[in-house]
Amino acid sequence: MKLFWEFFSFELKVRLKSLSTYVYFAMWFFFSFLSVAAEDFITTGNGKQLLNGPFSNTILYMFFTLFGTIVIAAIFGTSVLRDFQRDTFQLIFTKPITKFAYLGGRWAGSFVTCVFVFSGMVFGEAIGSLMPWADHTRIVSGHAWWYLQPFLSIVVVQIFFLGSIFFLVAALSRKIVIVYLQGIAVLMIYLLLQAVFSATQSLEHFWSGILDPIGLQLASVIARYWTVAEKNSQLFSWSAYTGNGVFLYNRLLWIAIGFVSLGAVYQFFPMSVEALTAKSQGRRAAKAKREEDAELQPRRSLVAAQMPQVQQNFGSGLWFTQLVSMTRLRISNITHELLFWALGVLIAFFALVNGYFAGHAQETNVWPVTFLMLQSVENTAVILLFVVATIYAGELVWRERDTRFAGIHDALPMRETTDWLSKFFALAFVEVVLLLLVMLCGLIMQTFSGFHQYDLLQYFQELFLIVFPSVMGIALLAFFVQTVVSNKFLGHAIVLGIFIMQPILNRWNIENTLLVPTQSPAYTYSDMNGYGHFVAALAWSTVYWTSIFAFLAVLSIALSRRGAEDSWRARWGQARHRLPGLTPALGLFVLLVIGSGSWYFYNTHVLNTFYTQKQLRDFQAQYERDFKKYEHFPQPKIIAVDASIDLDPYHRSFSGTGHFVLQNKTPNPIQQIHITDQRQSVADVQFDRPFHHISSSFRDLYSIYQLETPLAPGEKLNMTFKVGYQSHGFRDGGERPELAYSGMFFDSGYFPTIGYSNDVEIDDPRRRREEKLPLLEDLPPRGDPEGSVTNLFTPSSDWISYRTTVSTPDDQIALAPGYLQRDWHQNGRHYFSYDMGDVKILDFFSYISGRYTVKKENYKGTSIEVYYDYHHPWNVDDMMQAARAGLDYYQANYSPFQFKQFRIIEFPRYRSFAQSFPNTSPFTETFFISRVLNPKKDIDFTYFVTAHELAHQWWAHQLIGGRVAGSNMMSEALAEYSALRVAQKKYGDAQMHRFLSHELDGYLRGRSGETRKEPPLGQVQRESYVWYQKGSLILYALSDYIGEDKLNLALHNFLMQYRYANADDSQSGPYPDTRMLEAALRAQTPADLQYFIDDSFEKITLYDNKTLQATSQKTPDGKYKVTLVVEGKKAYADGNGVETSASLNDLIDVGVFSGKKGEEKPLSVRKERITGGRQTFEFLVDEPPTRAGIDPYNKLIDRNLDDNSTDIVNQK
Amino acid sequence: MALTITGLSKTYPNGVHALKNISLTIGNNMFGLLGPNGAGKSTLMRTIATLQEPDSGTIFLDGIDVLQQKDAVRQTLGYLPQEFGVYPKMSALDMLSHLAVMKGITNAGERKEVVEALLNQTNLWEFRKKALSTYSGGMKQRFGIAQALLGKPRLIIVDEPTAGLDPAERNRFLNLLSSIGRDVTVILSTHIVEDVRELCPRMAIIAAGELLLEGAPSEALAALNGKIWSKVVATDDELRALESELRVISSHLVAGQHEIRVYADSAPGEGFRAVDSGLEDVYFLNLSSQSAAKAAN
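Chain order of the listed sequences is A and B. Taking the UniProt record's numbering, I'd label the letters of the first sequence as residues 1 to 1212. Taking the UniProt record's numbering, I'd label the letters of the second sequence as residues 1 to 297.
Structural data, given as structure tokens:
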């Protein structure tokens, strides 16, 4: 034991003397400090989650220990390796020491050191929480256990088992390479497995949590559905009864693995010098043998042989020959090392795995078109390529010194520039090879997915014109850094530091590309436009930064080490000799930097005004502060729109004139007209009577006009204005996505908004706090007098008549809602005149123009039209089929279609949504590339989305709610339900259940990320997870309970009563709200199910149903008697997720199935009254049953789905 | 062909005065630079090999200013550093071919010929395809000399080439060195007196940065003729007594007893016998007079 203490304290002493210990500690301290003191330095949750709450702490510690794997490996690995590196083992192992003392002491010392180092996290957080500038609304104090419990159960356990494993590997391999690489290898493999697992979209919630050593999946399993209230009060429990005990079992499993490792190291570590050196002695013997062989060679004559005469050519071309030879040598050095191949394999591995998922986005399949494939294969590869650049720049700069070949190398008759270029080209070669590998992987995975439209040009552009320069930029920078610093690893750290500066600078609102190293403005490739309008900004910023790095690189030639001395005095001396030769290059790069920088600045700051995200938020906040007082200021409503718009897509501009007819629908005269111009697109506002302009705000965001004679109640007013937007040059990111060369698509948001617009308000609570704004105001409650006569979508109008003329270049088609009256060509432009005729529409219209291929079909009097890019023909027929099916179903069940056309129009993926304007539905590019591989299992996303957008022609364009709580669900949830029904007709019930299980997951995760509070469905505010996911679940379940026909009848009655509400001049027929919808549903719901309407629409209801037991017995007549024991539970949650249990008397499915888990076929399913507590049900079925359960289809909202059904135990 | 060093001085940033006003002229032959470890030999060698700057002084190689026209020097230089490593996993053949290119041997045929000849000459032909990193110390050293001989170097600098070689290797190595052509200036630094005696027509001794002696070994030996005396000393007390009375140059152990060598114009005492002077005596005598001078200051 004394010996143990000897080794233990020795180990500690070594560590205490080592700088690295303190650096590690400081690093964790610093990171933790920032994650509490600097808001969203690392985001562990939304703006309501406590920064140092139990969940944040747990996630932070998991995240830090994930990367801490490298530190653990370094500390444990080197402790056992030290003796072998310094050859002191010969001294130690000839002394009388015990294995326990030696290994135990070293291990325990490392363990204590590690725990100390990682405790920096706790101190960092604690100190960070005291900082005055931190967000104290999200910081609590006095909860030491919230720090300690995660530290003990995550960090200490991790250190224990990872450390033990690393210790084992280090002790048995005794190879420095392995010791240094094992940490990073574990990290990489873990991240890879994690990526693969999450890409499968698996909803597996037990084993995946237990087997996860680090915790990302574990945390997801345990806390996936935790609400903010739970995240702010609950720790990951050590109990076996909470959350199936996943956390406990996980920790126990990995602690056990730690012990096994310790046992193994004790068992297998050889404690004798002989065994430890057997291998190296073998090597030594072999070497001796070789030398002996050399001795035995026939001796050559001692007389010197005449050397052949050679010509030494030191002419002007030699530098090139030298460069070629030197580059080849350096490449050969690199390719002869394992590291290169390991990186290659790693990149290929990631590229292939990610490439596989290029065709499997979320729960749908897509065609792996080249931009998606590139996005996938690049993903990890680009980071690794940066790592490669950083590592190899270091290796190349230091190679001659590391190998001690510098003495010979430096005395060679070669210029420094030649030497430097050889390093540059060797690195460029490596990167090119790896990029080709990435490209190859992409092509392989495209082939593998059955996609054969190889776009080699796009591969080349992306990988060699965009990625390659940025990677080489980092390489140039790294060359410079490595030349300047005196230590390779310090160099790596500095390069890494510069690299991660970008997000940090951005956080400090420094977003100017010219100031943030390595930054280039974001770009998006689109099949419709290629790199389109992003090219200029991308190219010039690349030139700018690459030139800066190249300038530094040339300086690094001047400063490069040559010869024996590396004092700065000596190196300056050398640099002075070299600089004259390098001046032209330096000058060239200075010119390039100044030139490209000026041009970039001129475009982004002179032609365009540059605002940071923060500044833009300041404008929004200012608008709200200044004009919110006018929110309820009576304004006339728009009743007619007529506009003439000339699109100039190739300059990303448009211009035109607009004409509104405004009507005073209020009982009082209106004196002032207020206009919000969100997009700086409105000018020259005129009225048909004398008026004067009272005031305008900054950027003309809000203007007030005074009418000389007030607008009397019922009176109409003509308003004309210019509308347009001119793009100039390029911006530093933040290009308007609406404006594109092809697929330009903007909506009525570019037109004047009458009155104050809530859309401008900031909705992120954190940003609101930052701007010192009060909490975002909720929509008024149902029945609010003003809200009831205000349109939910278009507050400044009710229903309008609409016509427009739009023109575009000859090679494009321009579209807007309405029926085409005529189109003509004039002055090289194509004019289209659209008119909506008598049909009233929402004041919600769009202008779209692009180079389209068109497919049209007349279906029962409705023209179904798809305007698409010729690259994407695959889903056009599917869309038309969905439109036909939708028209049939909606007309049969809801009401007649109000239009004679339905048009789907593709737009570039700069924005990713589909939207429904009157008879016009723009779809983002991505919806045109989805793909059904297995019609039995895959969800046909295109079909579903088409049906959804078409359903909006009823739910929104016929029936729209008032501007009150809940109304949003009447368009979105009903459209979602409608689409589910249309899809179900084609794909069957089983597929809908699969789809709904993802909807349930989405809802539960959505509420767990809620930043404000979760409302019940009937009072939803702006929570899309409620109106989409929960809405579809509830309505589908309701249709299951009361019958599809009954539900549809309720919807039909509701629609017929309230469609085109509030259309008259006096606002006498207010908009409906969810109370009316609920009433319509109640009318069709039997008395014993009325509770379901309350629970679904007015409460947040959560079930926890589980099957306790299921047994079956064969009856004498060859049937099977199944006994099922279940337990139901119901709870209501408040907006923060705090639950109170509710009494249960509900009808819930119970059933018996045959087939394996996941492929069940129903044998007998019936609804039973579930009253809570244990309940037993019996079934008699004909076929051998295998599974049974309560709510087996997961129709109800239940956070724990896995225990609903269970395998049946057969009793003899 | 001559290398002229004038007034060369060098002080390192840590205060070590590595070269003190060294002036030397080295002609067309094998020149031995003898001195103990840390004497400044390597600093001098590296300075001549363009790898280091002196604080003051000049070096001219046949009219080339070595300190300014480094590239011109490098074109005619063959340099074997005191200690050098190799790129891992690189064969001798590939490496030598590469270095041949670097030295301007651009004709592929000639390059092949000269590389083969050098590999043969250095007895490495059999191992030409083996990775250099697997070479033994001696083989590596022979590779070092092979690369130093590439092209037609007029100035060859070999820094401590025999350190760490076993006797057989050393012999072979010295043979190789001695076979280098006549019109070449070869500077060999070593702390092993034997190396110089066997190879060098001219030599210099430096210690603590100072030039103690320059000349032909034979001249130096002649100056000591009849002045070196030897005696086997039986006890430590006797040894101590003799040390304080006489100029003891060196002592060797012979079968466990000290045999001392003393510098004196005539027989210093009883039991001393006259012995032939060796180069080692020259070396040790110079070193001991330097330390005596230092002590006197």
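We treat Cβ as the ideally placed atom computed from N, Cα and C, and that holds for glycine.
Could you pull the DSSP bridge partners for T6 of chain B from this structure? Start at 1 with the first residue of the second sequence, and residue 6 of chain B comes out as number 6. Beta-bridge pairing links T6 of chain B to B:T58.
Which residues mark the beginning and the end of the alpha helix (DSSP H) in which Y22 of chain A is found? For the purposes of this step, residue 22 of chain A is taken as the residue at position 22 of the first sequence. Where Y22 of chain A is concerned, the enclosing alpha helix (DSSP H) stretches over 19 to 37.
Which partner residues does W955 of chain A have in the DSSP bridge list? Here the question's residue 955 of chain A lines up with position 955 in the first sequence. DSSP, once it has assigned bridges, lists A:L959 as partnering W955 of chain A.
K637 of chain A - DSSP class collapsed to helix/strand/coil: Start at 1 with the first residue of the first sequence, and residue 637 of chain A comes out as number 637. In the structure shown, K637 of chain A sits in a strand (DSSP, three-state: E or B).
At which residues does the alpha helix (DSSP H) containing G595 of chain A begin and terminate? The residue given as residue 595 of chain A occupies position 595 in the first sequence. Looking at the DSSP string, the run of the alpha helix (DSSP H) that includes G595 of chain A is 568 to 601.
How close, in whole Å, do the beta carbons of W107 of chain A and F25 of chain A come, if the pair is a contact with beta carbons under 8 Å? For the purposes of this step, residue 107 of chain A is taken as residue 107 along the first sequence, with counting starting at 1. For the purposes of this step, residue 25 of chain A is taken as residue 25 along the first sequence, with counting starting at 1. Not a contact, Cβ separation roughly 20 Å.
Tell me the rounded alpha-carbon separation between N1048 of chain A and Q1019 of chain A. Here residue 1048 of chain A corresponds to residue number 1048 of the first sequence, with the count starting at 1. Here residue 1019 of chain A corresponds to residue number 1019 of the first sequence, with the count starting at 1. C-alpha separation (whole angstroms): 22 Å.
Name the residues in the segment 304 to 327 of chain A whose C-beta lies less than 9 Å from a C-beta of chain B; which are they? Per Cβ criterion, the list reads A304, A305, Q306, M307, P308, Q309, V310, Q311, Q312, N313, F314, G315, G317, L318, T321, Q322, V324, S325, M326.
Pick helix, strand or coil for T1140 of chain A, following the three-state DSSP scheme. The residue given as residue 1140 of chain A occupies position 1140 in the first sequence. Strand at T1140 of chain A.
Can the beta-carbon of V839 of chain A be found closer than 8 Å to that of Y1071 of chain A? Locating residue 839 of chain A in the first sequence gives position 839, where the first residue counts as 1. Locating residue 1071 of chain A in the first sequence gives position 1071, where the first residue counts as 1. Result no, Cβ atoms of V839 of chain A and Y1071 of chain A do not sit closer than 8 Å.
Between A:S316, A:V388, A:A1133, which has its C-alpha nearest T418 of chain A's C-alpha? What you label residue 418 of chain A is simply residue 418 of the first sequence in a count that begins at 1. Looking at the Cα atoms, A:S316 is the closest of the given residues.
What first and last residue would you give for the alpha helix (DSSP H) that runs through P795 of chain A? Indexing the first sequence from 1 puts residue 795 of chain A at position 795. Where P795 of chain A is concerned, there is no enclosing alpha helix (DSSP H), given that its DSSP letter is neither H nor E.
Suppose you measure from the CA of I466 of chain A to the CA of T370 of chain A; what does that come to, to the nearest Å? Locating residue 466 of chain A in the first sequence gives position 466, where the first residue counts as 1. Locating residue 370 of chain A in the first sequence gives position 370, where the first residue counts as 1. Cα-Cα distance, rounded: 15 Å.
Inter-residue spacing [alpha-carbon to alpha-carbon] between V495 of chain A and V854 of chain A: For the purposes of this step, residue 495 of chain A is identified with residue 495 of the first sequence, where counting begins at 1. For the purposes of this step, residue 854 of chain A is identified with residue 854 of the first sequence, where counting begins at 1. Cα to Cα, V495 of chain A sits roughly 52 Å from V854 of chain A.
Residues that DSSP places opposite E1168 of chain A in a beta bridge: Locating residue 1168 of chain A in the first sequence gives position 1168, where the first residue counts as 1. The partner list for E1168 of chain A (beta bridge, DSSP) reads A:I1148.
Compute the beta-carbon to beta-carbon distance between K70 of chain B and S133 of chain B, rounded to the nearest angstrom, for a pair I have assumed lies under 8 Å. Numbered from 1 along the second sequence, position 70 holds the residue referred to as residue 70 of chain B. Numbered from 1 along the second sequence, position 133 holds the residue referred to as residue 133 of chain B. So it is not a contact: roughly 30 Å between Cβ atoms.
Following the continuous alpha helix (DSSP H) through W133 of chain A, name the residue where it begins and the one where it ends. Taking the first residue of the first sequence as 1, we reach residue 133 of chain A at position 133. Note, W133 of chain A: premise wrong, no alpha helix (DSSP H); not H, not E.
Relative to the alpha-carbon of F610 of chain A, which residue among A:G1069, A:G394, A:E511 has its alpha-carbon at the smallest distance? Along the first sequence, one-based indexing puts residue 610 of chain A at 610. F610 of chain A has its Cα closest to that of A:E511, out of A:G1069, A:G394, A:E511.
Between which two residues does the alpha helix (DSSP H) carrying T113 of chain A extend? Residue 113 of chain A sits at position 113 when you count from the first residue of the first sequence. 105 to 118 is the span of the alpha helix (DSSP H), which, as asked, contains T113 of chain A.
For the structure I just gave you, are there three or more beta carbon pairs, one from the segment 499 to 513 of chain A and one from the segment 431 to 442 of chain A, closer than 8 Å? No: fewer than three Cβ pairs fall under 8 Å.
In this structure, how does DSSP classify L515 of chain A when only helix, strand and coil are distinguished? The residue you call residue 515 of chain A lines up with position 515 of the first sequence. Here L515 of chain A carries a coil assignment [DSSP, helix/strand/coil].
Taking 8 Å as the CB-CB cut-off, is L412 of chain A touching chain B? As a first step, residue 412 of chain A is located in the first sequence; it is residue number 412 there, counting from the start. Closer than 8 Å: yes.
If we count the other Cβ atoms within 10 Å of its Cβ and call it buried at 16 or more, is M1056 of chain A buried or exposed? Indexing the first sequence from 1 puts residue 1056 of chain A at position 1056. The residue is exposed, with fewer than 16 neighbouring Cβ atoms inside 10 Å.
Neighbouring residues, chain B, relative to L329 of chain A (Cβ below 7 Å): Counting from 1 along the first sequence, the entry for residue 329 of chain A is found at position 329. Residues of chain B passing the Cβ test: H98.
By Cβ distance, which residues of its chain are closer than 6 Å to W254 of chain A, with the 5 residues on each side in sequence left out? Along the first sequence, read from residue 1 onward, the residue named residue 254 of chain A stands at position 254. F161, P213, listed in sequence order.
When the cut-off is 8 Å and only beta carbons count, does H336 of chain A lie next to chain B? Along the first sequence, read from residue 1 onward, the residue named residue 336 of chain A stands at position 336. Residue-level contact check: H336 of chain A touches chain B, since one or more beta carbons of chain B fall below 8 Å from its beta carbon.
Who pairs with P809 of chain A in a beta bridge, going by DSSP? Taking the first sequence and counting its residues from 1, one reaches residue 809 of chain A at position 809. Paired residue(s): A:R829.
Taking only three categories from DSSP, how would you classify Y894 of chain A? As a position in the first sequence, residue 894 of chain A is number 894, starting the count at 1. Coil.
Please classify H360 of chain A: is it buried, with 16 or more other beta-carbons within 10 angstroms of its beta-carbon, or exposed? Taking the first residue of the first sequence as 1, we reach residue 360 of chain A at position 360. The residue in question, H360 of chain A, is buried, as its Cβ has 16 or more Cβ neighbours within 10 Å.
Using a Cβ-Cβ distance under 8 Å, would I97 of chain A count as near chain B? Stepping through the first sequence from its first residue, residue 97 of chain A is reached at position 97. Taking Cβ atoms only, chain B never reaches closer than 8 Å to I97 of chain A, which makes this a no.
Which two residues bound the contiguous beta strand (DSSP E) that contains V1126 of chain A? Locating residue 1126 of chain A in the first sequence gives position 1126, where the first residue counts as 1. It spans 1120 to 1128 - the beta strand (DSSP E) in which V1126 of chain A sits, taken as one unbroken run.
Residues bridged to F902 of chain A by DSSP? Start at 1 with the first residue of the first sequence, and residue 902 of chain A comes out as number 902. In DSSP, F902 of chain A forms a bridge with A:I864.
Taking only the alpha-carbon atoms, compute the straight-line gap between residue 1215 of chain A and V353 of chain A and give it to the nearest angstrom. Lying before the first or after the last residue shown, residue 1215 of chain A is absent from chain A, which here runs from 1 to 1212.
8 Å Cβ cutoff met for V1122 of chain A and V1165 of chain A: For the purposes of this step, residue 1122 of chain A is identified with residue 1122 of the first sequence, where counting begins at 1. For the purposes of this step, residue 1165 of chain A is identified with residue 1165 of the first sequence, where counting begins at 1. In this structure, V1165 of chain A does not lie closer than 8 Å to V1122 of chain A by Cβ.
Contact set between the segment 384 to 409 of chain A and chain B, restricted to residues whose Cβ is under 7 Å from the partner: Taking 7 Å as the cut-off between beta carbons, the residues of the segment 384 to 409 of chain A near chain B are T403, R404, F405, G407, I408, in sequence order.
Closest Cβ-Cβ distance between V114 of chain B and chain A: below 8 Å? The residue given as residue 114 of chain B occupies position 114 in the second sequence. Closer than 8 Å to some Cβ of chain A, the Cβ of V114 of chain B qualifies, so yes.
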